[in-house]
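Undergrad: Just dropping this structure here.
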Amino acid sequence: MKVTKLLAAGSVLALAVMAGSSHLVEASDHDDGEIDLKGRALNLTDHYAFKTGTELSLLMYVNPRSLPQRQYYLSENARYEFHVTKVANRLAASNTAEDFIFRVEAGAATAAGTQPITLTVLSGGTTVVGTHTGVSTSFAGSEGNSALVVNTTTIGTFTGIRYFVGMRSDGFHFDVKRFFQVRDFLAQRFFGGAGGVGNAAPSVYPGPNCEGDAFLGGIVAAGGTPELDGDEVNLWNPRNCAPDFTKNHNITSIAINIPIAALGGTIFDTWSTISVKEVK
């Protein structure tokens, strides 16, 4: 049996395939696309962690590029996990010790468009503190924002822990086309040429930005005319017109609010994983 994990720390993702003690890790990104072994529900796009008063809020986004007006679900065969490690201070080296794991598992979808959700809290990575079964929010409940299901429970010393699973608008913004144009230019300019030390005359330059301003168009030394708009270089598209590849798309959000006092610390490393079993 193999276990496949999709890992996220911040918005940096990785794919790790584990069999016995061997590990294969590959870089990933916000949206890897879909393959036979990893459908949309196993695509972990983002991980967020922040403090909300006396609670630690953790969020995981899956099901990228979900189409409007459509319901998407969590996988019934996966474990969606938040990992929390206590650290001494903000300068402490990162580590993968797991003081707590908050595991979310989903059951079969109902006719109402919800799934039973089981939350399991583990201490030290392996010791089960307790479980609670709640329910996800249907698409209709998420769309209207009036029937959101926030499950509240007490597990061990975690009094009043709250969790939510449901669809939300994707808050990620990324201008894919311009990114690749700029990447190609910078790769040639700084790493191209003989010996890979840079090419002063790259064959690829970014075209005008989405406002029609030419690259370096505001730089006098480059033959341009000052535009006085705060961006004379025009390398990137300005945010008022930059196309967003996630616009009008949704994601499935897994969110949990954890009482900080029950964690026994004040500063934490956090990351998310999705694990699935593969039978050889």
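The sequence shown maps to residues 33 to 312 in our numbering. The C-beta atom is built at its ideal place from N, Cα and C for all residues, glycine as well. Because the structure is a prediction, the values reported are computed rather than measured.
#1: Whole angstroms are fine: how far does the CA of R200 sit from the CA of A59?
#2: Starting from the Cα of D329, find the closest Cα among L260, K309, C242 and E259 and give me that residue.
#3: Relative to the alpha-carbon of N127, which residue among V136, R135, V116 and E137 has its alpha-carbon at the smallest distance?
#4: Within 10 Å of its beta-carbon, does A294 have 16 or more other beta-carbons around it, so buried, or fewer, so exposed?
#5: If you drop the 5 nearest sequence neighbours on each side, which residues of the same chain put their C-beta closer than 6 Å to that of N289?
#6: Curious, which full-length beta strand (DSSP E) runs of at least 3 residues does the segment 183-263 contain?
#7: If the criterion is Cβ atoms closer than 9 Å, does the pair Y112 and S285 meet it?
#8: Leaving out the 5 sequence neighbours to the left and right, which residues in its chain are closer than 8 Å to T191 when beta-carbon positions are compared?
#9: Between which two residues does the beta strand (DSSP E) carrying E113 extend?
#10: Assign F171 to one of three DSSP states: helix, strand, or coil.
#11: Return the chain-ordered list of same chain residues with a C-beta closer than 6 Å to the C-beta of I306, the five sequence neighbours on each side being excluded.
#12: Output needed for A141: all residues of its chain with C-beta closer than 7 Å, excluding positions within five of it in sequence on either side, in chain order.
#13: Output the distance between the C-alpha atoms of G244 and T159, rounded to the nearest integer angstrom.
#14: How many Å lie between F222 and S168 at the Cα?
#15: Rounding to the nearest angstrom, what Cα-Cα distance links M50 and A172 in this structure?
#16: Quick one: Cα of D300 to Cα of G239, how far?
#17: What's the call for D261, buried or exposed, on a 16-neighbour Cβ count within 10 Å?
#18: Decide if A287 is buried, meaning its Cβ has at least 16 other Cβ atoms within 10 Å, or exposed.
#19: Where do the N-terminal and C-terminal ends of the beta strand (DSSP E) with L99 fall, by residue?
#20: With distances taken between CB atoms, is the gap from S235 to Q220 smaller than 9 Å?
#21: Is it true that the CB of V265 sits closer than 9 Å to the CB of I283?
#22: Is the Cβ-Cβ distance between V208 and F196 less than 9 Å?
#23: Just grab the DSSP bridge partners of A138 for me.
#24: Between A246, A253 and T302, which has its C-alpha nearest D131's C-alpha?
#25: Please report the straight-line C-alpha distance between P258 and N121, rounded to a whole angstrom.
#26: Under the three-state reduction of DSSP, which class applies to G162: helix, strand or coil?
#27: A81 lies in the beta strand (DSSP E); which residues open and close that run?
#28: Can you name the start and end residues of the beta strand (DSSP E) that I299 belongs to?
#29: Determine the extent of the beta strand (DSSP E) in which P291 is found, giving its start and end residues.
#30: Closest to T184 by CA distance: which of G297, G228 and H164 is it?
TA: Here's the rundown:
#1: Confidence in A59 is poor, its pLDDT being 38 and thus under 50, which makes the residue's placement unreliable; the coordinate value appears in the next sentence. For A59 and R200, the distance between alpha carbons rounds to 26 Å.
#2: Absent from the model: residue 329. The displayed extent of the chain is 33 to 312, so no value can be given.
#3: That would be V116, whose Cα lies nearest to the Cα of N127.
#4: Buried, since its Cβ has 16 or more Cβ neighbours within 10 Å.
#5: Closer than 6 Å at Cβ, skipping near neighbours: E87, S89 and R194.
#6: If only complete runs of 3 or more residues are kept, the segment 183-263 shows the beta strand (DSSP E) at 183-187 and 190-201, in order along the chain.
#7: The Cβ-Cβ distance between Y112 and S285 does not fall below 9 Å.
#8: Excluding sequence positions up to five before and after T191, its CB lies within less than 8 Å of the CB of P291 and A294, all in the same chain and listed in chain order.
#9: Its beta strand (DSSP E) spans residues A110 to K118.
#10: Collapsing the DSSP output to three states places F171 in a helix.
#11: Taking I306 as the centre and dropping the five residues before and after it, the same chain places the C-beta of L38, L74, L76, A110 and Y112 closer than 6 Å to its C-beta, in chain order.
#12: Cβ neighbours of A141 beyond the five flanking positions: Y105 and Q147.
#13: Between G244 and T159, the C-alpha separation is close to 59 Å.
#14: Going by the C-alpha atoms only, they are around 49 Å apart.
#15: Note that M50 has pLDDT 32, beneath the 50 cutoff, so the model's placement of it is unreliable and the number below is only indicative. About 38 Å.
#16: Before going on, a small fix: residue 300 reads as Phe here, not Asp. Answer to the nearest angstrom: the Cα atoms are 43 Å apart.
#17: Per the 10 Å Cβ criterion, exposed.
#18: Counting every other CB atom within 10 Å of its CB across the protein chains shown gives A287 a total of 16 or more, marking it as buried.
#19: Unbroken run through L99: none, as it is neither H nor E.
#20: Result yes, Cβ atoms of S235 and Q220 sit closer than 9 Å.
#21: The Cβ atoms of I283 and V265 lie no closer than 9 Å to each other.
#22: Taking 9 Å as the Cβ cut-off, V208 and F196 do not qualify as a contacting pair.
#23: Under DSSP, the beta-bridge partners assigned to A138 are I149.
#24: Of A246, A253 and T302, the residue nearest in Cα terms is T302.
#25: Approximately 46 Å, taken between the alpha carbons.
#26: DSSP places G162 in strand when its eight states are reduced to three.
#27: Membership of A81 in the beta strand (DSSP E) is indicated by the continuous run D78 to T84.
#28: From DSSP, I299 is part of no beta strand (DSSP E); its letter is neither H nor E.
#29: Here the beta strand (DSSP E) through P291 covers N282 to P291.
#30: Closest in C-alpha terms to T184, from the list G297, G228 and H164, comes H164.
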